[in-house]
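In the working numbering, the protein residues as written are -8 to 279. Built from N, CA and C at the ideal position, the CB exists for glycine as well. See below for the structure under consideration.
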Amino acid sequence: MLGTRLPTTLTARLAGPLDAEAVGRLMHSAWRTYHSHEISAWLDRVLPGEAWVACRGREVRGFLAVSLRPFGIARIIAAAVANGDSAAEYAAAVLPPALAALKLRQNVSVLHVGDAPWLTELLEAHGFEQRETVITYGRHASPPVPIVGNADVRLQPPHISMVTELAELDRLAFGPIWHVPAEELTRVLADRHPFVVATHDGRIVGYQWHGYENEHGHINRLAVSPDWQGRGVGTRLLTEAMAALAQVGVTWITLNTQQSNAHSRRLYEKFGFELIGHPAPLMWKDLD
-8 MLGTRLPTTL
2 TARLAGPLDA
12 EAVGRLMHSA
22 WRTYHSHEIS
32 AWLDRVLPGE
42 AWVACRGREV
52 RGFLAVSLRP
62 FGIARIIAAA
72 VANGDSAAEY
82 AAAVLPPALA
92 ALKLRQNVSV
102 LHVGDAPWLT
112 ELLEAHGFEQ
122 RETVITYGRH
132 ASPPVPIVGN
142 ADVRLQPPHI
152 SMVTELAELD
162 RLAFGPIWHV
172 PAEELTRVLA
182 DRHPFVVATH
192 DGRIVGYQWH
202 GYENEHGHIN
212 RLAVSPDWQG
222 RGVGTRLLTE
232 AMAALAQVGV
242 TWITLNTQQS
252 NAHSRRLYEK
262 FGFELIGHPA
272 PLMWKDLD
């Protein structure tokens, strides 16, 4: 009896809802994986036209997903290659059609930030260049720091009606690459992350949100309006976040920033944060 010959070439196609189970298995079993969010969170949110699978016949052997950002930027949020497969073959199969499709949707640039060397090497081989480096700071929650900074601003919980103003502040504070759009801020508020807004005379001048799991706390975001920077708002938000994390039993606090952001680095180091972990390159490609 003649056996059926298995396909030997990887081919790429758009991912659909029926691929979710296979992609989930791949992400859990493969050693070459990358994802910027918890798997359960982003698998449910991947939209049509934002994810591709690389298949050998009907079997899913690779995966790539992006998040469409404002200003024509697409960010790679997940990738995986099955064990035993060639990473170069995966990239050759999935990257060209994905980049071509993104260009047709009026995306002008694609970026990736992460500490997965296998993915960084593949992207570099396909024309991505390093534009920035993201670094991680950490410190013990003890000894606690006093809450200091601008005492004239009012700190309050967020309300969904603030999302548009928060998104505009974020755009001014961070620029196109790091901007968190209104849609993402809406999800953060819906997920009830600890979130604090700094206001002055009814105007939002800064915000921060953080999270924690067991004894590890992470300050996800700290933004101050450009015309209020250097006036102690960032210090107030940072020390309030550190105090809040200590109150829930966190023993270790981390945060991220850009290597080139000297102002933020001075603030974090002033309050005892030290560099930890491995720097993560920001890889960038313009879709000419």
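- When rounded, the separation of the alpha-carbon atoms in Pro217 and Ala45 is 44 Å.
- From the listed residues Gly140, Thr177 and Pro134, the smallest Cα separation to Pro149 is found for Thr177.
- Secondary structure note for Trp109: its alpha helix (DSSP H) is the uninterrupted segment Pro108 to Ala116.
- Rounded to whole angstroms, the Cβ separation of Gly129 and Ile244 is 7 Å, and the two are in contact under 8 Å.
- A residue is called buried once 16 or more other Cβ atoms fall within 10 Å of its Cβ, and Thr248 is buried on that count.
- The DSSP-derived three-state label of Phe264 is coil.
- For Thr226, the closest C-alpha among the options Glu265, His103, Pro137 and Pro272 is that of Pro137.
- Comparing alpha carbon positions, the residue from Ala65, Arg60 and Leu86 closest to Val72 is Leu86.
- Taking a cut-off of 8 Å for Cβ pairs, the segment 255 to 270 and the segment 152 to 163 do not touch, as fewer than three such pairs fall below it.
- In this structure, the alpha-carbon of Trp43 lies about 25 Å from that of Ala173.
- The beta carbon of Gly63 sits closer than 7 Å to those of Gln97, Asn98, Val99 and Ser100, all from its chain and outside the five residues before and after it, given in chain order.
- In the three-state reduction of the DSSP assignment, Asp277 falls in the strand class.
- For Leu9, no beta strand (DSSP E) encloses it, and the DSSP letter there is neither H nor E.
- Annotation for Leu163: Ser216 and Pro217 place their beta carbon closer than 8 Å to its own, counting only its chain and skipping 5 residues before and after.
- About 5 Å separates the beta carbons of Gln250 and Ile126, which is inside the 8 Å limit, making them a contact pair.
- Here DSSP, grouped into helix, strand and coil, assigns Gln199 to strand.
- Judged by DSSP in its simplified three-state form, His19 adopts helix.
- Note on Gln199: 16 or more other CB atoms within 10 angstroms of its CB, so buried under the neighbour-count rule.
- Listed in chain order, the non-local C-beta contacts of Gly118 below 6 Å within the same chain comprise Lys276, local neighbours out to five positions each way being set aside.
- Within the segment 186 to 243, the runs of beta strand (DSSP E) that reach at least 3 residues and sit entirely inside it are, in chain order, 186 to 191, 194 to 204 and 207 to 215.
- Cα atoms of His254 and Gly140: separation of roughly 15 Å, rounded to the nearest angstrom.
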